[in-house]
Amino acid sequence: MKNLVLGVNDAIYRACIATAGLAIVIMALIIPWGVFSRYALGQGLGWPEPVAILLMVLFTFIGAAASYRAGAHMAVQVLSDRLPDMAQPFLILFVRLAMGAISLFMLIWGYKLCVATWNQYLSTLTWMRVGISYAPIPLGGFVTLLFVIEQLLYGDQHKRRVVDYENCEDSKESV
């Protein structure tokens with residue numbers, strides 16, 4: 001069962017990385033196109049900036065979930081470095097439970113935000129519903145919650161080969 005869960009989460013992690021990477025690539029292509037169109041062609045386009053903002057939101061929430069699993073998220077370790085070794089596991093548990101609560105909050109309230117704004121449309125992209133633009137929030141919360149549950153059940157996974165390509169061996173917690 002453990003190998004199945006870890007394998008599924010590896011696939012989800014890869015999908016998060018691919019989605020975040022694709023969002024950045026598309027952003028990097030449409031912003032220069034908007035600038036070129038405005039200054040070289042003399043015709044300003046209305047869609048590149050709002051699409052780039054939507055892609056940045058997608059990149060932020062999906063990329064944050066992936067970076068949480070990879071252990072690449074921001075962490076202030078002033079307190080944890082000064083705690084005795086016996087207290088470290090309790091702090092790690094507290095942090096994981098807090099991340100789970102934050103992820104659950106994003107999932108529930110993000111979903112409610114999507115539902116509440118579903119019948120509205122973006123003013124700059126009249127074909128897109130506002131609820132769709134908020135969809136990365138509950139999606140990112142859901143994926144982060146999956147990775148938090150994974151860490152609670154099976155320990156830290158940032159040494160897995162799928163996460164750390166330079167690592168030759170999987171960590172003892174993730175085997």
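Residue numbers for the sequence shown follow full-length UniProt numbering, beginning at 1 and rising by one. Glycine included, every Cβ here is placed at the ideal spot set by N, Cα and C.
Where residue i falls: helix, strand or coil (DSSP)
| i | result |
| --- | --- |
| residue 160 | coil |
| residue 45 | coil |
| residue 77 | coil |
| residue 87 | coil |
| residue 1 | coil |
| residue 174 | Annotation note: pLDDT 49 at residue 174 (below 50); position unreliable, no value reported. |
Sequence-distant residues of the same chain with beta carbon closer than 6 Å to residue i, five excluded per side
| i | result |
| --- | --- |
| residue 113 | 134 |
| residue 141 | 103, 106, 107 and 110 |
Bridge-paired residues (DSSP) for residue i
| i | result |
| --- | --- |
| residue 129 | 121 |
Cβ shell of residue i (< 8 Å), same chain only, five flanking positions each side left out
| i | result |
| --- | --- |
| residue 91 | 79, 80 and 83 |
| residue 9 | 69, 146, 147, 150 and 157 |
Nonlocal neighbours in the same chain, by C-beta distance under 7 Å from residue i, ignoring five residues either side
| i | result |
| --- | --- |
| residue 40 | none |
Three Cβ pairs or more, each shorter than 8 Å: is that satisfied between the region 102–115 and the region 144–164? In the pairwise beta carbon analysis, the region 102–115 is classified as touching the region 144–164: at least three pairs are separated by under 8 Å.
Extract the residue ranges of the alpha helix (DSSP H) inside the region 9–43, only unbroken runs of 4 or more that lie entirely within it. Within the region 9–43, no complete alpha helix (DSSP H) run reaches 4 residues.
Quick test of the definition: if touching needs 3 or more C-beta pairs under 8 Å, does the region 116–123 touch the region 70–84? At 8 Å Cβ cutoff, the stretches do not touch.
Within 8 Å, do at least three Cβ pairs link the region 62–82 to the region 10–18? Below 8 Å, enough C-beta pairs join the region 10–18 and the region 62–82 to call them touching: three or more.
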